[in-house]
Amino acid sequence: MSTTNRELAARYDAGATEPAVYQRWLDADAFAPSAAPPTGSERFVITQPPPNVTGSLHIGHALVAAIEDTMIRYHRMRGDDTLWLPGVDHSGIGAQFVLDKIIADEGESRQSLGRDGYLARMQRFMEETRPIIGSQHRRLGASVDWSRERFTMDDASARAVRAAFKRLWDAGLVYRAEALVTWCPRCRTTISDLETIHRDEMGTLWTIRYHLAREDGTPDPEAWISVATTRPETLLGDTAVAVHPDDDRYRALVGREVVLPFLGRRLPIVADDYVDRAFGTGAVKITPAHDPNDYELGKRHGLEAIDVLDEEARINAAGGEFVGRDRYEAREAIIDRLRENGDLEGERPHAMVVGHCERCGTVVEPRLSVQWFIRVAPLAERALASVREGRTRIVPAHFEKVYAHWMENIHDWAVGRQLWWGHRIPAWFCPDGHVTVTDAEAGPDACVECGSPAAKLTQETDIFDTWFSSGLWPFSTLGWPDATPDLARFYPTSVMETGYDILFFWVARMMMLGLFLTDVEPFHTVYLHGMIRAEGGVKMSKTKGNVIDPIGMIDEIGADALRYALVAGTAPGSDMRLTRPKLDGGRNFTNKLWNAARFVVGARPERLATPADEATLPERWIRSRLADTIGRATRALDGLDLAGYAAAAYDLAWSDYCDWFVEMAKVDLRAPDAGDDAVARTWLTAAEVLGDLLRLLHPLLPFVTESIWAVLTDVEPRATGGEPLLIRAPWPVAGAADPDAEREATALTGLIRDVRNLRTAAGLPAGAWLPLHVVPASPADRARLEAGVRYLGPLARVRPIDLDAAAAERPAAAATSQLGVAWLGADPVAAATATERAAARDAELRAQVDRIRTLLANPSFVDRAPAQVVAKERGRLADLERQLAQLTTRSVSGGDS
RNA sequence: GGGCGAUUGGCUCAGUGGUUAGAGCACACGGUUCACAUCCGUGGGGUCACUGGUUCGAAUCCAGUAUCGCCCACCA
18 MSTTNRELAA RYDAGATEPA VYQRWLDADA FAPSAAPPTG SERFVITQPP
68 PNVTGSLHIG HALVAAIEDT MIRYHRMRGD DTLWLPGVDH SGIGAQFVLD
118 KIIADEGESR QSLGRDGYLA RMQRFMEETR PIIGSQHRRL GASVDWSRER
168 FTMDDASARA VRAAFKRLWD AGLVYRAEAL VTWCPRCRTT ISDLETIHRD
218 EMGTLWTIRY HLAREDGTPD PEAWISVATT RPETLLGDTA VAVHPDDDRY
268 RALVGREVVL PFLGRRLPIV ADDYVDRAFG TGAVKITPAH DPNDYELGKR
318 HGLEAIDVLD EEARINAAGG EFVGRDRYEA REAIIDRLRE NGDLEGERPH
368 AMVVGHCERC GTVVEPRLSV QWFIRVAPLA ERALASVREG RTRIVPAHFE
418 KVYAHWMENI HDWAVGRQLW WGHRIPAWFC PDGHVTVTDA EAGPDACVEC
468 GSPAAKLTQE TDIFDTWFSS GLWPFSTLGW PDATPDLARF YPTSVMETGY
518 DILFFWVARM MMLGLFLTDV EPFHTVYLHG MIRAEGGVKM SKTKGNVIDP
568 IGMIDEIGAD ALRYALVAGT APGSDMRLTR PKLDGGRNFT NKLWNAARFV
618 VGARPERLAT PADEATLPER WIRSRLADTI GRATRALDGL DLAGYAAAAY
668 DLAWSDYCDW FVEMAKVDLR APDAGDDAVA RTWLTAAEVL GDLLRLLHPL
718 LPFVTESIWA VLTDVEPRAT GGEPLLIRAP WPVAGAADPD AEREATALTG
768 LIRDVRNLRT AAGLPAGAWL PLHVVPASPA DRARLEAGVR YLGPLARVRP
818 IDLDAAAAER PAAAATSQLG VAWLGADPVA AATATERAAA RDAELRAQVD
868 RIRTLLANPS FVDRAPAQVV AKERGRLADL ERQLAQLTTR SVSGGDS
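The first sequence finishes on residue 914 if you use the numbering used here, and the numbering steps up by one all the way, no holes.
Take a look at the structure:
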């Protein structure tokens, strides 16, 4: 006993206990699923988008871990067949962006290292960075199955990627085509629309004269057409000027030609509906290689597409005298030259939308290139149907509309990336340009079309978009494409948990690829959490200095406190503000729990032999509260309402257990008249309810509950079912509700509150023991009071208590409670200040009675409202009227109120 | 341009037709009781953004308005 007491003596020290607790879980192999699924169990598997390998843990990861760990621990305790599989994503573009900066400091570059050297350097970088996330997840208490940890660049993922691509290819869902794609000149790769951030910016709209061509092809200095553009540098790639076919101003010019400045190329003037007559001059320069609209228009009119930029967005050889200049330098130079020539007709500020690379912030370019595409329409159709028909549910539901809208407007997926770090596309070209796709690791033996031998084939250098391998995660991590036992046991998974910001990136792709490749929805529920924001709803950013570092926070207040702050009071899909007071609230709660446990452990009687049979009111009441809360918490967790669960458990622990039950139990535990048997039973109740409280809170606060559990099971195995590890203990079972106990206890606690209220309202000393006079409402209430006096006295700090007071003696400052009218027999001076309050309470009582009488007198209410509601109001009225009757028996001083 | 969400006490949020709208923090007052001052007790504070409608009854359902936020969108 002394050992355990000493363990609990200090304030909860998260820093000292958490690592030890986590190690105990690891030693017990508590996270991995059992060798075989428990009989009769349900499956609960979390699909988690793995964090980027390069990242260190930020508060968003902590949120993910807190939510998912809460879910998985709950289901584990329920006895479900659970799996939460950890891992990291190789994050092609992100990792290269980070590594490029690192090697730049070392005086190297992609070019200087070459592909092989660069990839070797990447491997070294991975070895440094890869363990970081894992160690941070341990700090948070994430109960992931480390034995199944995966990486999207490991061999098994590579196999899955090849198999997936081969199947898509064989199904005719892959094609190669020239297209205008979004290009990042800094990352030097294609990026998707989703990776492009559109920002409103102020640019300039220049008006430029294109002179008409004379017969001999020279520009006519007297005749021109003016075009408006925000990107003068692209004029080097112009291949036409377009006007609206119905525009009278230009009708005569259609079919004629202009001479392109600097390059002297002759461009036709074409007519096309695309042109907006009202914008600018009504004439547009057409650059098919550098603008999506122009590209489409160019195709309609058979125009040539001339690419004038290189992969770093410098003017290429097609740009004549401007070759080698950066696009913005070239813009300046071209504007200057046009101005000198008198061909710059005007310039004015112009609001426009500019695309930036999500990763590096560089302004992106539309770029003409040959790309690998996945035809997504048939995939999207199925993915859409799954959600529409409810086979996959999105929480919160309104995101289903967002998902549907995106799926309905989806474009084919350009999956190739011109990067090095990633899965290389398993396609080989023969000298004749035939394409061979294979899932064989060694590549094809020969060209499938012409039989050219392997030695003559060259593999595609492009790699896959990271999301291609990530999209396979739910099943590639379980052994797919092989029919492994894990795949059979854990797939399809249950809940896909992630932030709403990657609904399209990840969820949508997992759905499409999962349905196509495995013929089943990869998860039945998508749970989307919100984004964490700082005070005032602003984004957390390093520059603003309002970032909360989860590891620093764990060091300071403990992982449980952080988890509480992240999970309590938050709704899925809604952004949440994380503030210091909230974090402190979490810490206070862990501390409260710890101290309640200290009390219970320390209060254990020496002998616990034969607990008495009959439970006290506080015991019956707390067990009823416990039963109710277990029910509410269980329903909340089953409905993925983590905040509701947290609130229910918090209230039970703090308000019901600590504030009321423990205080009342102290009376019984310390009463000189109590027999050993009664003390034993009360203490056991306290210990058992604490045990269930720990089970209830374990998913949310795993460390502190596990720490307490160890001591509690040591002190009294009956309180913990003898299970040494809480993580393996069963979820508590809700006992029977006890409405009588709830009613009686509520009446008693109500009276205690009233008396406390009288005391403070009257300004009477908090510490003083004051006499209490009570006029019981009925003989039955008198009996109840008699039983409750032992709690009433200490909790309201009143003594002696006179249960036979005369109604006539009632002063103005009295409390009218369900059990009777009560007043403090003290200090007539102070009592005067309470008169006002007491009068107000009486008035309030009357107002309520009037309101309900009016309500019940309304025939349409009585007729139309449900009988249950009407009955409830009638009962309430009866109760109030009884209280009111008591009031009328007294003699009121002065006039009526 | 289209769509979505939010608006409840000073702050952060619960509360989707039925008592007198709740909690935590903050605030005020009181507290040296042997679990806890990271605590205990008591209290003040909200015409639930606005307007109209449906209903016996609306914070809750409907319509509109306002403000804020987010997502999507190839007008030079």
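Heads up, the beta-carbon is just placed ideally off N, CA and C, and yes, glycines get one too.
Residue pairing by DSSP places F61 opposite T99 in a beta bridge.
DSSP places L396 within a helical segment (H, G or I) once states are collapsed to three. With a cut-off of 8 Å on Cβ pairs, the segment 52 to 70 is in contact with the segment 83 to 103, counting three or more such pairs. With contacts defined as CB atoms closer than 7 Å, A746 and A695 fail to qualify as a contacting pair. Within the same chain, Cβ atoms closer than 7 Å to the Cβ of T71 are found at S108, G111, A112, V115 and T146, the five residues on either side in sequence being excluded. Rounded to the nearest whole angstrom, the C-alpha separation of S558 and V564 is 6 Å. One alpha carbon belongs to A472, the other to S51, and they sit about 48 Å apart. Non-local beta-carbon contacts of N612 in its own chain, meaning distances under 7 Å to residues more than five positions away in sequence, are absent. Annotated three-state conformation of H318 is helix, per DSSP.
With respect to L643, V732 sits apart: the two C-beta atoms are not nearer than 7 Å. If you check the CB distance, V276 and A230 come in under 7 Å. A181 places its beta carbon 7 Å or farther from that of L657. A300 carries a strand assignment under DSSP once its states are collapsed to helix, strand and coil. In the three-state reduction of the DSSP assignment, T199 falls in the strand class. The count of Cβ pairs closer than 8 Å, one atom from the segment 432 to 442 and one from the segment 406 to 421, stays below three, leaving the stretches out of contact. DSSP lists I242 as the bridge partner or partners of Y227.
The criterion of a C-beta distance shorter than 7 Å is satisfied by A754 and S641. Using a Cβ distance threshold of 7 Å, A196 and G254 do not count as a contacting pair. CA-CA distance, I574 to R155, rounds to 16 Å. If the five residues before and after I352 are omitted, its C-beta is found closer than 7 Å to the C-beta atoms of W223, P249 and L361, all from its own chain and listed in chain order.
Contact annotation: L252 and A322 have beta-carbon atoms that are not nearer than 7 Å. Cα atoms of R176 and E458: separation of roughly 7 Å, rounded to the nearest angstrom.
Short of 7 Å from the beta carbon of G569, and not among the five residues preceding or following it, lies no beta carbon of its own chain. A contact between stretches requires three or more CB pairs, one per stretch, nearer than 8 Å, and the segment 481 to 488 meets this requirement with the segment 422 to 440. Burial state of P262 is exposed, judged by a 10 Å Cβ sphere holding fewer than 16 other Cβ atoms. DSSP places V866 in the helix class (H, G or I) of the three-state scheme. R893 counts as exposed, since fewer than 16 other C-beta atoms from the protein chains shown sit within 10 angstroms of its C-beta. For H318, the closest C-alpha among the options V260, A295 and G281 is that of V260. Using a Cβ distance threshold of 7 Å, V543 and I411 count as a contacting pair. Comparing alpha carbon positions, the residue from I208, K118 and A49 closest to V161 is A49.
Beta-bridge partners of N69 (DSSP): D106. Here the segment 754 to 774 does not lie against the segment 737 to 746, with fewer than 3 beta-carbon pairs under 8 Å apart.
Residue pairing by DSSP places M369 opposite E218 in a beta bridge.
In the structure shown, Q435 falls within a coil segment according to DSSP collapsed to helix, strand and coil.
Of all C-beta pairs linking the segment 371 to 387 to the segment 544 to 557, fewer than three are shorter than 8 Å, placing the two stretches out of contact. Between G842 and A794, the CB-CB gap reaches or exceeds 7 Å.
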